[in-house]
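**Q**
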Amino acid sequence: MAFDGPPDLPHHHAGDLGRRRYPNRTLHHLIHTWFTQRYLRMKKRSEDVGGLAAELLDSLRHVKGQARLNALKELGKLLSSNPCGAKKAVADAGSGGIALLSSLLGPFTSHAVGSEVITILVNLPLDSDARTNLMQPAKISVVVDMLNEGIVDTKINCARLVELLMEEKNFRSEILSSLSLLVGLLRLVKDKRHPNGVATGLRLLKAICNHQHQVHGLVVRIGAVSQLLELLPHLGSECLETALEILDELSSLPEGGVALKDCPLTIPNMVKILMRVSEACTQYALSILSAVCKLAPDECASLAIEAGLAAKLLLVIQSGCSPTLKQRSAELLKLCSLNYTATLFISKCKLTRTIQ
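With the UniProt record's numbering, the residue at position 303 of the sequence shown is 303, and numbering never jumps.
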């Protein structure tokens, strides 16, 4: 409900009254009346939202099938249009609120109901008890299924819910070792038609890699390295940095380094990124190139030089980047120059062309 602005108020002119001030009781009354009416309207609106939310939650205890789905959809709409009042109503409902919604997730939950429940849950403040309850295997199984098979908005909300659960102090780390979870997450990341899904998926994949180092090998084995490398040219700066950080972590693993070495996109993509996006991206790209070139110096160093790496490294060394980054660039430049004569190596630098 829109509120009108304050009424036209009478002006108090001192005029001929001299320097003595007189209280304007009409002005005071109008101001008080306007703010009182506004407060009462807001209070009524909040009570209406809270009452409707309570009614919908109460109906969820008794109805099933299409009626339950309709009630969930109405509750979701209420949260979207009146987030403050609806969130408070659900939170104040105690066991009839978040716990009731969580109880709707189980082995027999349809995808339609599960999708609506998860959409609501990710927009509510989940306390420790709620997060612990949602970590039950049967509930996680529903979330993972919908991450793989739901529509893109459902997949995004499933990823967001896993992120929220990971904030719990006693988070069950074995959840992250689910092959189905990682495969579904990678599918979300690969879908370039939905940038929000790509960003959410990358953020969760990065969080998983940081949280559970034992998962790195599994991430490599499901083909994440080549798929992320294919995605790099299509990413904005923030997502690109996240993807590079993931690849850098995977490069520290023997199988991760081999996967990077074997992918023909690794070297040209990393060389292009150097000095083009941000210092953080340059740092990750340089780290990945170093890992690959150390793994197979004869093969990869020559490929990197042909891709223009030497000139890029010279630019890093001469730039305002951090001393650590310059030192790593110098070390990689030295490694790449071992199989070249001085004259040939200088000719490979193509510094003028790189600057242009």
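Even glycine gets a Cβ: it sits at the ideal position worked out from N, Cα and C.
Small disclaimer: the values here were computed from a predicted structure and weren't measured.
For Arg203 and Glu168, which I take to be in contact (beta-carbon distance under 8 angstroms), what is that distance rounded to the nearest angstrom?
**A** The pair is not a contact, with the Cβ atoms about 17 angstroms apart (cut-off 8 angstroms).
**Q** What are the start and end residues of the alpha helix (DSSP H) that includes Glu306?
**A** Glu306 -> alpha helix (DSSP H) spans 297 to 306.
**Q** Could you round the C-beta distance between Ala259 and Val225 to whole angstroms and report it? I think they count as a contact, below 8 angstroms.
**A** That pair is a contact at about 4 angstroms.
**Q** Does the separation of the CB atoms of Val113 and Leu72 fall below 8 angstroms?
**A** Yes. Within cutoff.
**Q** Do Glu241 and residue 360 come within 8 angstroms of each other at the CB atom, strictly closer than that value?
**A** Because the chain in this structure spans residues 1 to 356, residue 360 falls outside the shown range and cannot be described.
**Q** Do you know offhand how far Cys336's Cα is from Asp248's?
**A** Between Cys336 and Asp248, the C-alpha separation is close to 20 angstroms.
**Q** When we look at the beta-carbon of Arg328 and count the other beta-carbons within 10 Å, is it buried (16 or more) or exposed?
**A** By the 10 Å Cβ count, Arg328 comes out buried.
**Q** In terms of alpha-carbon separation, which member of His111, Ser173, Glu116 lies closest to Met135?
**A** Nearest of His111, Ser173, Glu116 to Met135, Cα basis: Ser173.
**Q** In whole angstroms, what separates the C-alpha of Leu309 from that of Lys192?
**A** The straight-line gap from Cα to Cα measures roughly 28 angstroms.
**Q** Beta-carbon separation of Ile98 and Leu124 under 8 angstroms?
**A** Yes, these two residues count as a Cβ contact at 8 angstroms.
**Q** Quick check on the burial criterion: 16 or more other C-beta atoms within 10 angstroms. Buried or exposed for Ala2?
**A** At Ala2 the pLDDT is 47, less than 50, meaning the model places this residue with poor confidence; the figure from the coordinates comes in the next sentence. With fewer than 16 other Cβ atoms within 10 Å, it is exposed.
**Q** Tell me whether the beta-carbon of Tyr284 lies closer than 8 angstroms to the beta-carbon of Glu255.
**A** Not in contact: Tyr284 and Glu255 (Cβ atoms no closer than 8 angstroms).
**Q** With 16 as the cutoff for other CB atoms within 10 Å, does Thr26 come out buried or exposed?
**A** So Thr26 ends up on the exposed side.
**Q** Can you find the residues in the same chain that come closer than 7 angstroms, C-beta to C-beta, to Leu333, ignoring five residues on each side of it along the sequence?
**A** Around Leu333: Ala310, Leu313.
**Q** Among Ala159, Leu60, Leu231, which residue has its Cα nearest to the Cα of Ser102?
**A** It is Leu60 whose Cα lies nearest to the Cα of Ser102.
**Q** Starting from Ile222, trace the alpha helix (DSSP H) both ways and give me its first and last residue.
**A** Ile222 -> no alpha helix (DSSP H), and no H or E assigned at all.
**Q** For Ser302 and Asn339, what's the separation of their Cα atoms in angstroms?
**A** Taking the straight line from one Cα to the other gives about 8 angstroms.
**Q** For the alpha helix (DSSP H) containing Ile317, name the first residue and the last one.
**A** Note, Ile317: alpha helix (DSSP H), 309 to 318.
**Q** Does the Cβ of Ile288 have 16 or more other Cβ atoms within 10 Å, making it buried, or fewer, making it exposed?
**A** Buried is the call here.
**Q** Express the C-alpha separation of Ala53 and Leu250 in angstroms, rounding to a whole number.
**A** Whole-angstrom Cα-Cα distance: 46 angstroms.
**Q** Excluding the five sequence neighbours on either side, which residues of its own chain have a C-beta within less than 8 angstroms of the C-beta of Ala342, listed in chain order?
**A** Result list for Ala342: empty, nothing under 8 angstroms.
**Q** Quick check on Thr154: buried or exposed, where buried means 16 or more other Cβ atoms within 10 Å of its Cβ?
**A** Buried, by the Cβ-count rule.
**Q** Does the region 136 to 148 come within contact of the region 180 to 188, defined as at least 3 CB pairs closer than 8 angstroms?
**A** Yes, they touch.
**Q** My parser needs the beta strand (DSSP E) runs of 3 or more residues fully inside the region 93 to 141; what are they?
**A** Runs of the beta strand (DSSP E) inside the region 93 to 141: none found.
**Q** Going by alpha carbons, who is nearest to Asp58 out of Gln66, Gly65, Leu75?
**A** Considering only alpha carbons, the answer is Leu75.
**Q** Looking at the structure shown, is Arg25 part of a helix, part of a strand, or coil, going by DSSP?
**A** Helix at Arg25.
**Q** So what does DSSP say about Lys88, is it helix, strand or coil?
**A** Reduced to three states, the DSSP call for Lys88 is helix.
**Q** With distances taken from CA atoms, which of Asn196, Gln227, Thr109 is nearest Gln66?
**A** Comparing Cα-Cα distances from Gln66 to each of Asn196, Gln227, Thr109, the minimum goes to Thr109.
**Q** With distance defined between alpha-carbon atoms, name the residue in Leu126, His29, Val162, Met270 nearest to His211.
**A** For His211, the nearest C-alpha among the options comes from Val162.
**Q** Residues in the same chain with beta-carbon distance under 8 angstroms from Glu238, minus the five sequence neighbours each way, listed in chain order, please.
**A** Ala199, listed in sequence order.
**Q** When DSSP labels each residue in this structure, what does Cys66 get in the three-state scheme?
**A** The identity of residue 66 in the sequence shown is Gln, whereas the question assumes Cys. In the structure shown, Gln66 sits in a helix (DSSP, three-state: H, G or I).
**Q** Quick one: give me the first and last residue of the alpha helix (DSSP H) that Met275 is part of.
**A** Segment: none, Met275 is in no alpha helix (DSSP H) and carries neither H nor E.
**Q** Could you tell me if Ile346 is buried or exposed, where buried requires 16 or more neighbouring beta carbons within 10 angstroms of its beta carbon?
**A** Exposed, since its Cβ has fewer than 16 Cβ neighbours within 10 Å.
**Q** Would you kindly check if the distance between the Cβ of Ala307 and the Cβ of Val271 is under 8 angstroms?
**A** In contact: Val271 and Ala307 (Cβ atoms closer than 8 angstroms).
**Q** Below 8 angstroms between beta carbons: does that hold for residue 358 and Ala304?
**A** Outside the modelled stretch of the chain, which goes from 1 to 356, sits residue 358, for which no answer is possible.
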